[in-house]
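Here is the structure we will look at, set down as structure tokens.
Numbering (UniProt numbering), first residue to last: 1 to 171.
Here's what the structure looks like:
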């Protein structure tokens with residue numbers, strides 16, 4: 001079975017012309033919601049259906065999307081609370097030192113001496129750079145900024161991240 005990844009959630013309709021409000025879960029909305037892009041709609045209890053994007057625009061915190069052959073509100077009302085997904089093949093390659101969330105979450109973290117510190121449980125995006133949340137072996141969360149001075153190596157093959165522990169980073 002093909003792996004699928006969440007790119008957004010349909011939270012409501014927008015107007016009467018078949019547009020939907022999407023809360024996006026992708027760093028690439030211009031790619032995921034561009035005209036002609038194929039998205040898979042996953043709804044509990046229903047089989048996954050393929051939708052082709054007809055239009056996309058931003059409005060406040062939402063991505064407003066319409067789909068081919070869905071020209072009025074009656075066509076899209078039933079999609080509310082559906083999750084928009086893409087397949088692994090649609091993801092594409094990222095530049096060096098950039099990663100998809102699913103590649104980072106769950107990785108083991110060690111310091112430069114090889115001492116295991118914990119596991120990455122979450123990625124926060126509060127500002128200029130991401131912050132990785134590491135659940136330490138003692139159960140406490142450690143927050144590390146994803147910057148070159150701290151994150152020395154990300155080894156996806158061995159599921160291991162090596163970090164430089166700066167003074168004051170760990171109490």
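Quick reminder that beta carbons are idealized off the backbone N, C-alpha and C, glycines included.
As assigned by DSSP and simplified to three states, the class of residue i
i: residue 19; result: strand
i: residue 91; result: helix
i: residue 136; result: strand
i: residue 56; result: strand
i: residue 145; result: strand
i: residue 31; result: helix
i: residue 129; result: coil
i: residue 51; result: strand
i: residue 97; result: coil
i: residue 191; result: Any answer about residue 191 is impossible in this case: the structure gives the chain only from 1 up to 171.
i: residue 74; result: helix
Euclidean distance between Cα positions of residue i and residue j
i: residue 116; j: residue 101; result: 21 Å
i: residue 132; j: residue 48; result: 32 Å
i: residue 91; j: residue 136; result: 31 Å
i: residue 17; j: residue 80; result: 15 Å
i: residue 30; j: residue 77; result: 24 Å
i: residue 50; j: residue 44; result: 15 Å
i: residue 75; j: residue 32; result: 21 Å
i: residue 39; j: residue 98; result: 23 Å
i: residue 138; j: residue 129; result: 26 Å
i: residue 46; j: residue 164; result: 47 Å
i: residue 126; j: residue 87; result: 27 Å
i: residue 122; j: residue 168; result: 21 Å
i: residue 143; j: residue 134; result: 6 Å
Contact set for residue i: own chain, Cβ-Cβ below 6 Å, skip 5 residues either direction
i: residue 162; result: 110, 152 and 153
Opposing strand residues paired with residue i [DSSP bridges]
i: residue 163; result: 111 and 151
i: residue 81; result: Note: residue 81 sits in no beta bridge, so no partner.
i: residue 39; result: 51
i: residue 66; result: 19 and 55
i: residue 13; result: 20
i: residue 124; result: 131
i: residue 119; result: 108 and 135
i: residue 6; result: 85
Nonlocal neighbours in the same chain, by C-beta distance under 8 Å from residue i, ignoring five residues either side
i: residue 159; result: 106, 107 and 108
i: residue 103; result: 156
i: residue 35; result: 53, 54, 55 and 56
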